[in-house]
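Numbering (my numbering), first residue to last: 495 to 706. Have a look at the structure below before the remarks.
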């Protein structure tokens, strides 16, 4: 979303923001591909830039895709992979997302790996089965999680008017922590403080609210 002017205004707001030091909060900003260079050049040095996606293997004849190597060459340290929109609209499977994450890590990128369930899946009581399967596809391909941030996206609470409560977010985060130990809605200004108070919630992947 947005134009170059919009992006510059957002960066200015971020640069003027008062946030805790990096050892408390790590801020990563993820603009569209075309704005990566300008955001990187203007953003304050204690904030980082992420791409919204990258290709699953080394660059080649994949018109329209952006490789991990290209991002590294631009000095972009982070990438978001497995976003719910790419899973639903572009039919990216758990296995494909796992392969993308493994390759991005192999090229030196840090990864924000998105997982989450739909409304139908939540109402059927399969939330943990879904997010565990998504996480397993990563764990099957990655042994070192030090450069991965696992971002829970309650897909059913994105653009639907429904809200994921702090208790619901905590339930999933706790379940994921337990799963990882054994095996390897949308956040906004109104609810982020309450969410952050939950013991197993470490940070946020901010969607539409990041434009406000």
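Note that the Cβ used here is the ideal one computed from N, Cα and C, for glycine as well.
Along the beta strand (DSSP E) that carries residue i, what are the first and last residues, could you check?
| i | result |
| --- | --- |
| residue 543 | 542-545 |
| residue 604 | 604-609 |
Taking all protein chains shown into account, decide if residue i is buried (16 or more other Cβ within 10 angstroms of its Cβ) or exposed.
| i | result |
| --- | --- |
| residue 606 | buried |
| residue 593 | buried |
| residue 676 | exposed |
| residue 525 | buried |
| residue 621 | buried |
| residue 679 | With a pLDDT of 40 at residue 679, under the threshold of 50, the predicted position of this residue should be treated as unreliable, and no value is reported. |
| residue 565 | buried |
| residue 498 | exposed |
| residue 576 | buried |
| residue 582 | exposed |
| residue 550 | buried |
Less than 7 Å separating the beta-carbons of residue i and residue j?
| i | j | result |
| --- | --- | --- |
| residue 562 | residue 603 | yes |
| residue 610 | residue 636 | no |
| residue 673 | residue 626 | yes |
| residue 513 | residue 519 | yes |
| residue 733 | residue 628 | Any question about residue 733 goes unanswered here, given that the chain covers just 495 to 706. |
| residue 643 | residue 651 | no |
Quick one: give me the first and last residue of the alpha helix (DSSP H) that residue i is part of.
| i | result |
| --- | --- |
| residue 626 | 621-633 |
| residue 570 | Looking at the DSSP string, residue 570 is not in any alpha helix (DSSP H), and its letter there is neither H nor E. |
Review point. Touching or not, the segment 567-579 and the segment 538-545, by the rule of three or more beta carbon pairs under 8 Å?
Key: yes
**Study point:** the segment 584-592 contacting the segment 661-672, beta-carbon criterion three pairs below 8 Å
**Key:** no
Exercise for review: Check whether the segment 529-543 touches the segment 552-559, taking contact to mean three or more Cβ pairs, one atom from each stretch, closer than 8 Å.
Suggested key: no
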